[in-house]
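Chemist: As you go down the protein sequences, you meet chains A and B in turn. Mind the numbering: the first sequence is residues 1 to 311 in the working numbering, read in order. Mind the numbering: the second sequence is residues 312 to 1017 in the working numbering, read in order. All C-beta atoms in this analysis are idealised placements derived from N, C-alpha and C, irrespective of residue type, glycine included. Structure below; questions to follow.
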Amino acid sequence: MKKRKPKTARRAGLSFQEVVFALSRFWAGQACVIQQPYDLEVGAGTMHPETFFRVLGPDPYRVAYVQPSRRPSDGRYGDNPNRLYKHIQFQVILKPAPAHVQEVYLASLEALGIDRRRHDIRFEEDNWEAPTLGAWGIGWQVMLDGLEITQFTYFQQCGGLDLDPVSVELTYGLERIAAFLQGVGNVFDLAWNDARRYGELRLEEERQASAYGFEWADVEACRRLFELSEQEARRLLEAYPKDAPVEARQRFPVLPAYDLCLKCSHLFNLLDARGAISTTERAALIGRIRGLACRAAALYLHQKYGREPGR
Amino acid sequence: MSGEFLLEIGCEEIPAWMLPRARASLKELLERELQARGLLQGKPVETFGTPRRLVAACSRLAAAEPTRTEEVVGPPKAVAFDAAGKPTRAAESFAAKLGVKVSDLKIKQTPKGAYVAAVSRKVGRPTSAVLAELLPSLIPQVEFPRSMVWTSAQGLRFIRPIRWLVALFDGRVVEFELGGVRSGRTTRGHRSLANRSLSVKGLADYRRRLGQVGVVVEPGERRRRIEQECARLLKPLRLREKCDPGLLDLVVDMVEHPAALLGGFAAEFLTLPEEVLVTVMRHHQKYFAVEDARGALAPHFLVVIDLDRDSGGEIRRNHEAVLAARFRDAGFFWEADQKRKLAERLPLLEGVVFESRLGSYRKKVERVQALAGWLAREMSADGRRADIAAVTRAAELAKCDLTTEMVGEFPELQGVVGGLYARAQGDPEAVACAIHDHYKPVGPEDSLPGTLEGATLAMADKLDSVAACFAVGLVPTGSRDPFALRRAGSGIVRIIVEMGLRLSLDAAVREAMTILAGSGLAGREASPAPVLGFLEERARHLFREGKGFAYDEVNAVFSAGWDDLVDAGARLAALRALRPTPDFEPVAAAFKRIRNILEQAGGPDRSARPIENNLIEAGAERELYDRFLKLRSRVAEFRERHRYPEALRQIATLRPQVDRFFDTVLVMAKDEAVRENRLALLAHLLKEFSTVADFAELAVGPKTRE
């Protein structure tokens, strides 16, 4: 049975942007800094320096932000109702992990109008790993009436370093949650606000980004860009003046070196989507990116706390 | 009071598949440690719980550790007492240390001389104090496949964060702290149904109150409720759930308060392959698939939710929407994958690594193809042989599905997807079935390949994996078996035995190694012995654990050869059938005796030496010899025709002659010629009649099973 098309994009439930507002307000109320998305291509909210570096070291920190995340292999030219080249995450870091963190998380769902007495909310085992970042954690995917809506992770390592204290990372899949709230089966039909649909705003980008990733990306050019970014990152990371006075150390560009490492990561994903990476090469490239990320993490700690970076 | 003990470890959600083992481990640990401290009073420790709580209870523990007395030896007498026999400082401090009077000290004669000794009496500590010390060190020992930290890198490790602890003995709190959590008597209700804390007095109160706050704390009770509700929902539709005990086990431990809902999906999705639909429901959504009376998949599913009800059907509709989206995804994968035929994917396998030293899947395909062709020629079942063309084609395509979107999304459907695609792309049924089944059996419970072609391909694939991994030293050790070679080995022997495949295992392993050597992956000089030894162990394991044969029966039959496992299975069956007959065990005992005699006599193998008729003494020896001659040809004939029960029955008829021989004849006769001839007779007897099973390997007396 075909439903009549409503005049505006507005449907039942919060619009996409209202979901962002509600989560931002909720987590601001939990003493989180509300940060902005990172301005480089990343595959996940974890890659944002506000997560990657902030979980290192002893200082408590709470932050939340929206992060568009690009996964070139997941591109489907906008044809698939559920799969996207770029999806939008809402990321929260709580450091240290509070003892009632599951309750706080459930309260955030209530802020979206999801009543736990009327829905089947489950924490199903799902451990998470980002091999290019030397990061992994233990946790769950949170299922809402059978739909995975959040990745809930106790970070164990980041940049190859044990974390002390342990942070909790919450990653909400905004499209999934909005689709659930609006009762929409196709992500492109989501109401972004009262007037605009998700598809109106994003379909072109999905089509073109998929075409680029699968057809147009020049393998040689991507490889060269990868090598260049890697070289530049390595040059910086090797030049770190470990024994220089504090002021000299603290103005040294570790964060820009990490940015270059993020570029490598994205180029790797592009090459992968292009089908240009063999399995053996794949492991080697991941290892190279991880090497940069781990080095950046160690130097960050040294720069900030004078901790010996090792190696 | 009663001495009742209750422990509840309140956690964030523990993965369901780990819970049964964790409960067993908690029980073992508590029983062992409480036993060691003399606190168990014949009442078992029970463990139960939900994903959010591991619970242990015992209805009665002793009130305190038993008082222990022990004799303690102190300083030498000469040091403890002076020449006048008066106690010295040494005696006084020894007595003081043990809390006894100097007058209670005794003199004990030891091999090293006279020493002072005393009986010390240690009053046992109260149980609550013992528990307070024991529990914080015991809880972290509960077995989980992996653990985590949630406070700091050096913090407590457990499977998931511990958030509360209830520990009561005799109704009072056992005080301790673990990972920053203090024990108490406060538990928590179901997170959605009654999200509050509540204080409990003891075990009965705990069970009752948990029931009131929406927690079904006994896994057995949750199972019963799920089964009942599913049956109730399906009955009016004349449908049944697709039997799936593994999924039920999992679902039971994923919820605190189960309720089942019946959902549906559009019938048009039934055009997707059943395997894909069931995998989506089972692995991805933890739904039970539903089938009609004839076993055909119905457009319904059962989902167990962690709530009391679904008012308004909203939860059901949401689950239905999720499933429909998943099915639509699968439809997309199917369409996308058809753009490139399986055969066109062969070159892509260059880029899929099997193992770094063993090269790509493209190389593996070449090896498996060669080995499958060889097996198809050499192997038969009831005289039938596999279709070589089909086997070769199937081997060529078998791994191509590794590059499809469908397998990328559903890795557990490797092989199955290849089979479905081969069929859809016009390959013959025999080829499609062989590809579909070639990972089978994936475990001891899984079914076997459905066709001879499938069995041939499955064996070739597994045998290549085992031989190749052994060739580069990837041998399973202890719990480490990353390439699942034990499963592969068990699969090989199960296929052979249960499908009745006749072949020489030795020749097959040699062929696999020759092919490996030909592709430059292994040394030509590599010995097949380790691979054969590994398969022998798998085969012994199959006959013992899978088929229920006794340890010594398997030893006896394998001693007589196992190169042809179907034949070994037939001999085992005959042995088991004949073993309870009255003459059998005595004859077996006699063979054992013969073997001992021959071993003690030493010297060369006398079975090669002829028996001199004229040296045979009249009487018992002559009777045995005549009987032997008569039986020998009969047994050989039966054996030749694989009629093993008859062969064994014939051998058992030797009993009277053997008994009389040992009763009346001295084997080790003084005359050397007579003695040697007797030994030769026995050696012939042992050899001729040990070709079905080596009776000397049988444990005589009460039957043993290990």
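1. Any beta carbon of chain B sitting closer than 7 Å to that of Val146/A?
2. Assign Val166/A to one of three DSSP states: helix, strand, or coil.
3. With DSSP collapsed to three states, give me the class of Arg1016/B.
4. List, in chain order, every chain B residue whose beta-carbon is nearer than 8 Å to that of Trp140/A.
5. Rounded to the nearest angstrom, what separates Gln596/B and Gln303/A at their Cα positions?
6. Run through the region 454-531 of chain B for me and flag every whole alpha helix (DSSP H) of 4 or more residues, listed as ranges in chain order.
7. Kindly identify the DSSP beta-bridge partner or partners of Leu318/B.
8. Closer than 8 Å by beta-carbon distance: list the chain B residues that pair up with Asp59/A, in chain order.
9. Determine, for Glu1017/B, whether the minimum Cβ-Cβ distance to residues of chain A falls below 7 Å.
10. Chain B beta carbons: is any one of them nearer than 7 Å to that of Glu125/A?
11. Give, in chain order, every residue of the region 245-260 of chain A whose Cβ lies closer than 7 Å to some Cβ of chain B.
12. Establish whether the CB of Tyr154/A and some CB of chain B are separated by less than 7 Å.
13. Might you give, ordered along the chain, the residues of its own chain that have their beta carbon closer than 8 Å to the beta carbon of Leu112/A, omitting 5 neighbours on each side?
14. Within its chain, find whatever has a CB closer than 7 Å to the CB of Met1/A; leave out the 5 residues flanking it on each side and keep chain order.
15. Helix or strand or just coil, what does DSSP make of Gly137/A?
16. Since Asn866/B meets chain A, which of its residues come closer than 7 Å, beta carbon to beta carbon?
17. Listed from N- to C-terminal order along the chain, which residues in the region 459-485 of chain B have their beta-carbon within a distance smaller than 9 Å of any beta-carbon of chain A?
18. Kindly indicate which residue of Leu255/A, Glu230/A, Arg274/A, Ala276/A has the alpha-carbon position closest to the one of Ser265/A.
19. Let's test the definition: count the other Cβ atoms within 10 Å of the Cβ of Tyr305/A and tell me whether it reaches 16, buried, or not, exposed.
20. Assign Leu751/B to one of three DSSP states: helix, strand, or coil.
21. At what residues does the alpha helix (DSSP H) containing Thr51/A begin and finish?
22. DSSP three-state label for Met565/B, please.
23. With 7 Å as the limit, tell me which residues of the region 217-228 of chain A have their beta carbon closer than that to any beta carbon of chain B; keep them in chain order.
24. Hey, Asp748/B and Gly729/B: beta-carbon distance below 7 Å or not?
25. With a threshold of 16 other CB atoms inside 10 Å of the CB of Cys554/B, please say whether the residue is buried or exposed.
26. Does the beta-carbon of Val808/B have 16 or more other beta-carbons within 10 angstroms, so that it is buried, or is it exposed?
27. Using a threshold of 7 Å, state whether the C-beta atoms of Leu759/B and Val777/B are closer than that.
28. Quick check on DSSP: helix, strand or coil for Ile325/B?
29. Within 8 Å, do at least three Cβ pairs link the region 154-171 of chain A to the region 77-96 of chain A?
30. Going along the chain, which unbroken runs of the alpha helix (DSSP H) with 4 or more residues stay wholly within the region 217-250 of chain A?
31. Per the DSSP calculation, Met592/B is bridged to which residue(s)?
32. Does any C-beta atom of chain B lie closer than 7 Å to the C-beta of Val166/A?
33. Which residues in the same chain have their Cβ closer than 6 Å to the Cβ of Phe972/B, if we skip the five residues on either side of it in sequence?
34. Assign Thr378/B to one of three DSSP states: helix, strand, or coil.
35. By the criterion of Cβ-Cβ separation under 9 Å, what are the contact partners of Arg639/B in chain D?
36. Kindly indicate which three-state DSSP category Gln420/B falls into: helix, strand or coil?
Modeler: On the basis of the coordinates in this document:
1. Position 146 of the first sequence, counted from the start, is the residue given in the question as residue 146/A. Sequence inspection shows Gly at residue 146/A; the Val mentioned does not correspond to that position. Yes, Gly146/A counts as interfacial toward chain B.
2. Taking the first residue of the first sequence as 1, we reach residue 166/A at position 166. In the three-state scheme derived from DSSP, where H, G and I count as helix and E and B as strand, Val166/A is classed as coil.
3. What you label residue 1016/B is simply residue 705 of the second sequence in a count that begins at 1. Only weak support exists for where Arg1016/B lies, its pLDDT of 39 falling under 50; the value from the coordinates is given anyway. It is coil, neither helix nor strand.
4. If you number the first sequence from 1, residue 140/A lands on position 140. What Trp140/A touches in chain B: Glu324.
5. Position 285 of the second sequence, counted from the start, is the residue given in the question as residue 596/B. Position 303 of the first sequence, counted from the start, is the residue given in the question as residue 303/A. In a straight line, the C-alpha of Gln596/B is about 46 Å away from that of Gln303/A.
6. Complete alpha helix (DSSP H) runs here, min 4: 514-523.
7. Working through the second sequence from its first residue, we reach residue 318/B at position 7. For Leu318/B, which the question treats as bridged, DSSP gives the partners Ala367/B, Ala478/B.
8. Residue mapping note: residue 59/A aligns to position 59 of the first sequence, counting from 1. What Asp59/A touches in chain B: nothing, since even the nearest Cβ is about 13 Å away.
9. Stepping through the second sequence from its first residue, residue 1017/B is reached at position 706. In this predicted model, Glu1017/B has a pLDDT of only 36, less than 50, meaning its place in the structure is not dependable; the value taken from the coordinates is given anyway. It does not; no Cβ of chain A falls within 7 Å.
10. The sequence position of residue 125/A within the first sequence is 125, counting from 1. Yes, Glu125/A lies at the interface with chain B (some Cβ there is under 7 Å from its Cβ).
11. Of all residues in the region 245-260 of chain A, none is placed with a Cβ closer than 7 Å to any Cβ belonging to chain B.
12. On the first sequence, position 154 is the one that residue 154/A refers to. For Tyr154/A, the answer is yes, since a Cβ of chain B falls inside 7 Å of its Cβ.
13. As a first step, residue 112/A is located in the first sequence; it is residue number 112 there, counting from the start. Excluding its 5 nearest sequence neighbours in each direction, Leu112/A has C-beta neighbours in its own chain below 8 Å: Leu14, Val19, Ala22, Leu23, Ile177, Leu181, listed in chain order.
14. Here residue 1/A corresponds to residue number 1 of the first sequence, with the count starting at 1. Bear in mind that the predicted position of Met1/A carries a pLDDT of just 43, short of 50, making it too unreliable to give a figure here.
15. Against the first sequence, residue 137/A aligns to sequence position 137. Annotated three-state conformation of Gly137/A is strand, per DSSP.
16. To locate residue 866/B, count along the second sequence from 1; it is residue 555. Ordered by position in chain A, no residue passes the 7 Å Cβ test against Asn866/B, which lies about 43 Å from the chain.
17. Taking 9 Å as the Cβ-Cβ cut-off against chain A, the residues of the region 459-485 of chain B that qualify are Met459, Val460, Trp461, Thr462, Ser463, Ala464, Gln465, Gly466, Ile470, Arg471, Pro472, Arg474.
18. As a working mapping, residue 265/A is identified with position 265 in the first sequence. Residue Glu230/A is the option with its Cα nearest to Ser265/A.
19. In the first sequence, residue 305/A corresponds to position 305, counting from 1. Result: exposed.
20. Within the second sequence, the letter at position 440 stands for residue 751/B. A small fix is needed here, since residue 751/B is Lys in this sequence, not Leu. The DSSP-derived three-state label of Lys751/B is coil.
21. Within the first sequence, residue 51/A is the residue found at index 51, counting from 1. For Thr51/A, the enclosing alpha helix (DSSP H) covers residues 49-52.
22. The count along the second sequence starts at 1 and reaches residue 565/B at position 254. Under the three-state reduction of DSSP output, Met565/B falls in the coil class, being neither helix nor strand.
23. Listed in sequence order: no entries.
24. Indexing the second sequence from 1 puts residue 748/B at position 437. Indexing the second sequence from 1 puts residue 729/B at position 418. Cβ distance not < 7 Å, so Asp748/B and Gly729/B don't count as in contact.
25. By one-based count along the second sequence, residue 554/B stands at place 243. Exposed, because fewer than 16 other Cβ atoms sit within 10 Å of the Cβ of Cys554/B.
26. The residue you call residue 808/B lines up with position 497 of the second sequence. Residue environment: Val808/B is assigned as buried (16 or more neighbouring CB atoms within 10 Å of its CB, all protein chains considered).
27. Translated into positions along the second sequence, residue 759/B becomes position 448. Translated into positions along the second sequence, residue 777/B becomes position 466. No, the pair does not count as a contact, with Cβ atoms beyond the cut-off.
28. Locating residue 325/B in the second sequence gives position 14, where the first residue counts as 1. In the three-state scheme derived from DSSP, where H, G and I count as helix and E and B as strand, Ile325/B is classed as coil.
29. Touching, per the Cβ criterion.
30. Segments of the alpha helix (DSSP H) lying fully in the region 217-250 of chain A: 219-239, 246-250.
31. Counting from 1 along the second sequence, the entry for residue 592/B is found at position 281. For Met592/B, which the question treats as bridged, DSSP gives no partner whatsoever.
32. Translated into positions along the first sequence, residue 166/A becomes position 166. Cβ-Cβ to chain B under 7 Å: yes for Val166/A.
33. In the second sequence, residue 972/B corresponds to position 661, counting from 1. The beta carbon of Phe972/B is closer than 6 Å to those of Ala931, Leu935 in its chain, skipping five residues each way along the sequence.
34. Stepping through the second sequence from its first residue, residue 378/B is reached at position 67. When DSSP states are grouped into helix, strand and coil, Thr378/B belongs to the coil group.
35. Absence of chain D from the displayed structure is noted, the protein chains being A and B.
36. Here residue 420/B is taken as the residue at index 109 of the second sequence, counted from 1. Three-state DSSP puts Gln420/B in a strand.
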